[in-house]
Amino acid sequence: MQSQARIREVWGPNLQEELRLLRDVIETHPYVALDTEFPGVVARPIGNFKTQSEYHYQTMRCNVDLLKIIQVGITLSDEDGNYSTEGSTWQFNFRFNVNGYDFGYFLRLLTGESLPPTEDGFFEVLRQWFPINYDVRYLMREVNPSANKGLLQDFAEELGVLRVGSSHQAGSDSLLISGAFFKIRELYYRDGIDVKSLSGKLFGLGQTTNGLTDSAGRGSATIAEREDRTTTRELHNQTPGPQNQTVAIGLQLQAGNPIQIPPTQYGPMGANGPPYLRTSLVGGR
C-alpha cells in the first residue's frame with residue numbers, strides 16, 4: 001500500500017548502505033518510478049526551430065547540460081503495484097550551488113555525457129537505457145484529454161492517489177508517480193498497457209497530430225511541418241547550452257565527501273536486457 005510506504009533519505013554517511021538495500025529490493029520489485037528535482041529553467045536556445053517540439057527539446061538539452069541535479073527520487077514496486085516492506089522509496093540529496101527533464105537528467109547521470117544534439121538522438125539513447133518506459137502524464141492524457149495541462153498533483157488527486165511526504169520532493173513525487181501509474185492501469189488499461197503504442201511516449205516531445213509524443217515512429221511530420229514546411233522560430237538575447245562536450249559529473253551529497261559518478265559499468269541495455277531496468281516511469285512536474 002502506498003500509504004504504508006516510507007521515504008528513505010539518502011545522504012553521504014548512509015549512501016552505500018542504502019544502495020545495497022536498493023539493489024536487493026529491485027530484484028523482486030522491477031518497476032522503477034523516477035523523479036528529479038533541479039534548479040529550474042535558466043536558459044533558452046538561440047536559433048531557428050522548425051517545430052515547437054524541436055524548441056522544447058533544445059530548451060531541455062541546454063538546461064540539463066548547464067545545471068546540476070538537486071535530488072533524485074526512486075520508487076520500486078512489483079508488477080501489481082506492491083511495495084517492499086524493506087524499502088520502496090529513496091530520495092538522494094545532492095549538494096550544488098545553484099517535460100522529459102527526468103529522463104534527461106537521469107541519462108546524463110548514467111552516461112556522464114551531454115545530451116545528444118537532436119531529438120532523434122535523444123530518443124535513441126533513451127530506448128537503449130530504458131527499453132520500456134511510460135510517462136504517466138501521457139497515459140492519463142490518452143484516457144482523459146482534459147488532463148492535457150494538468151500537473152502531477154492534479155491528476156493524482158483525480159485518480160484518488162494520496163501523496164506521502166511533501167510536493168516537489170523527488171522521493172515523494174516518485175512515489176506519487178508510481179501510485180498514479182498503477183491506478184491508471186487498474187482503471188483504464190485492465191487488459192494491459194500496449195507497450196508498442198505507449199512505451200517511449202514523453203509528453204511535450206516528438207509531437208503527433210494530438211500534440212503529444214511519438215518517439216517510436218520518428219520522421220513523420222509534426223503539426224507545424226504539415227501546416228508550413230518553412231515554419232521557423234527565432235529567439236534573441238538568450239543563452240545556448242554546451243555543444244557535444246563530455247561532462248565529468250562530480251556529485252556531492254550534503255552530509256558526505258564528494259562522490260565521483262563515472263559512466264555506469266553496465267552500459268545501455270537492449271529490449272531483452274536485465275529486468276530490473278526494463279520498466280521505468282516518469283510523471284512530469
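Numbering (the UniProt record's numbering), first residue to last: 1 to 285. Every residue gets a Cβ at the ideal spot worked out from N, C-alpha and C, and that includes glycine.
Quick check: residue i and residue j, are their CB atoms within less than 8 Å of each other?
{"i": "residue 105", "j": "residue 164", "result": "no"}
{"i": "residue 30", "j": "residue 67", "result": "no"}
{"i": "residue 125", "j": "residue 116", "result": "yes"}
{"i": "residue 53", "j": "residue 200", "result": "no"}
{"i": "residue 102", "j": "residue 154", "result": "no"}
{"i": "residue 25", "j": "residue 79", "result": "no"}
{"i": "residue 107", "j": "residue 129", "result": "yes"}
Just checking my contact of residue i with residue j at CB under 8 Å: how many whole Å lie between their CB atoms?
{"i": "residue 138", "j": "residue 181", "result": "11 Å between Cβ atoms; not a contact."}
{"i": "residue 37", "j": "residue 168", "result": "7 Å"}
{"i": "residue 43", "j": "residue 62", "result": "5 Å"}
{"i": "residue 178", "j": "residue 77", "result": "5 Å"}
{"i": "residue 7", "j": "residue 175", "result": "7 Å"}
{"i": "residue 90", "j": "residue 152", "result": "Contact doesn't hold; Cβ gap of about 19 Å is too wide."}
{"i": "residue 134", "j": "residue 193", "result": "7 Å"}
{"i": "residue 183", "j": "residue 161", "result": "5 Å"}
Of all Cβ atoms in chain B, is any one closer than 8 Å to the Cβ of residue i?
{"i": "residue 110", "result": "Of the protein chains in the structure, only one exists, and it is not chain B."}
In terms of residue numbering, what span does the alpha helix (DSSP H) encompassing residue i cover?
{"i": "residue 136", "result": "136 to 143"}
{"i": "residue 25", "result": "15 to 26"}
{"i": "residue 169", "result": "Residue 169 -> no alpha helix (DSSP H), and no H or E assigned at all."}
{"i": "residue 159", "result": "152 to 159"}
{"i": "residue 198", "result": "195 to 198"}
Any idea if residue i is buried or exposed, counting beta-carbon neighbours within 10 angstroms, 16 or more meaning buried?
{"i": "residue 141", "result": "buried"}
{"i": "residue 93", "result": "buried"}
{"i": "residue 266", "result": "Note that residue 266 has pLDDT 38, beneath the 50 cutoff, so the model's placement of it is unreliable and the number below is only indicative. The residue in question, residue 266, is exposed, as its Cβ has fewer than 16 Cβ neighbours within 10 Å."}
{"i": "residue 48", "result": "exposed"}
{"i": "residue 262", "result": "Here the model assigns residue 262 a pLDDT of 38, short of 50, so the residue's position is not dependable, and the following value carries that caveat. It counts as exposed."}
{"i": "residue 119", "result": "buried"}
{"i": "residue 173", "result": "buried"}
{"i": "residue 20", "result": "exposed"}
{"i": "residue 346", "result": "Nothing about residue 346 can be reported from this structure: the residues present for the chain run from 1 to 285 only."}
{"i": "residue 212", "result": "Low local confidence applies: a pLDDT of 40 at residue 212 is under 50, so the model's placement there is unreliable, and no value is given."}
{"i": "residue 5", "result": "buried"}
{"i": "residue 143", "result": "exposed"}
{"i": "residue 121", "result": "exposed"}
{"i": "residue 28", "result": "exposed"}
{"i": "residue 243", "result": "In this prediction, residue 243 scores a pLDDT of 29, lower than 50, which makes its location untrustworthy; no coordinate-derived value is stated."}
{"i": "residue 190", "result": "exposed"}
{"i": "residue 114", "result": "buried"}
{"i": "residue 41", "result": "exposed"}
{"i": "residue 110", "result": "buried"}
{"i": "residue 131", "result": "buried"}
{"i": "residue 16", "result": "exposed"}
{"i": "residue 45", "result": "buried"}
{"i": "residue 222", "result": "Reliability fails at residue 222, whose pLDDT of 26 lies under 50, so the model's placement of it is uncertain and no value is given."}
{"i": "residue 88", "result": "buried"}
What first and last residue would you give for the beta strand (DSSP E) that runs through residue i?
{"i": "residue 129", "result": "Element bounds for residue 129: not the beta strand (DSSP E) but the alpha helix (DSSP H), 119 to 129."}
{"i": "residue 9", "result": "7 to 10"}
What does DSSP give as the partner residues of residue i in its beta bridges?
{"i": "residue 35", "result": "73"}
{"i": "residue 92", "result": "10 and 72"}
{"i": "residue 82", "result": "None; residue 82 has no bridge partner."}
{"i": "residue 63", "result": "None, per the DSSP bridge assignment."}
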